[in-house]
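Structure record follows, encoded as structure tokens.
In the numbering used here, the protein residues as written are 54 to 320.
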């Protein structure tokens, strides 16, 4: 299960999506999320699914990698769908005890599950096709206006990037600790919920110690390289928006506008 968590991983490539400016990809993800939350009908979700499928196909990322990354959120998707299924008002189809299944509830459950899955897969595209360094640079440039308010933009972008980058490392470390504990006779899949929670304690303690050690080593390495924040820093490669970036942003705005129009007219 832990090996299926792919958040924060970067898959190098030379596709059009990989070559987009990181600022463009961040803004496209924001537009995508806004359009997804404005979609209210089958047609709207169909349009969003086509856009997501086209992005995945153009990027060259394997669909199996995207699906494998969804495994950790399966429980959340199922729970949210059940809540929408049983607690939506409308035409009752089946009723038993305090639960009732309505026609509107079935639609809401399916659409909510689709929304969660497409939301996660869309955000995966950002980290899959953007290196941590470029993601940090893009975030910093987008947040540059906040520097006038004395907001430490560079430091915030750096922390967010490092947090994403360390997720796969911590997952790998957790998997190693669990394997070592299992080799010593530990059982993590037996017993009730409380027993399973207690069994996680031998994992959490060494994981926290390892995390603190890595953080200390990272701080030492940054100090050894004379890192002192973003003040006075220059870039070897300066980001410049190309025609493909403007075209992608225009397309993203058009998709959002189309979804809003569809929702407004109930299509």
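Cβ atoms here follow ideal geometry from the backbone N, Cα and C, with glycine treated the same way.
Less than 8 Å between C-beta atoms, sequence neighbours within five positions excluded: which residues of the same chain meet that for residue i?
i           : result
residue 259 : 230
residue 173 : 122, 123 and 126
residue 157 : 141, 142, 143 and 144
Does residue i pass the burial test, meaning 16 or more other C-beta atoms within 10 Å, or should it be called exposed?
i           : result
residue 104 : buried
residue 138 : buried
residue 70  : buried
residue 117 : exposed
residue 293 : exposed
residue 288 : exposed
residue 131 : exposed
residue 65  : exposed
residue 78  : buried
residue 204 : exposed
Between the options, which has its C-alpha nearest residue i's C-alpha?
i           : options               : result
residue 177 : 121, 88 and 129       : 121
residue 73  : 149, 90, 184 and 265  : 184
residue 264 : 237, 224 and 247      : 224
residue 232 : 151, 262, 255 and 221 : 255
residue 87  : 305, 318 and 273      : 305
residue 94  : 136, 75 and 162       : 162
residue 170 : 197, 90 and 206       : 90
With a threshold of 6 Å on Cβ separation, who are the neighbours of residue i within its own chain once the five nearest residues in sequence on each side are excluded?
i           : result
residue 133 : 165
residue 85  : 175
residue 97  : 312 and 315
residue 210 : 189, 192 and 193
residue 199 : 206
Assuming the contact rule is C-beta atoms closer than 8 Å, residue i and residue j should be a hit. Round their C-beta distance to whole Å, please.
i           : j           : result
residue 181 : residue 114 : 5 Å
residue 81  : residue 302 : 7 Å
residue 68  : residue 100 : Not quite, the Cβ-Cβ distance comes to about 22 Å (not below 8 Å), so this is no contact.
Report yes if the C-beta of residue i is less than 7 Å from at least one heavy atom of the ligand ATP; otherwise report no.
i           : result
residue 103 : You won't find the ligand ATP in this model; it holds no ligand whatsoever.
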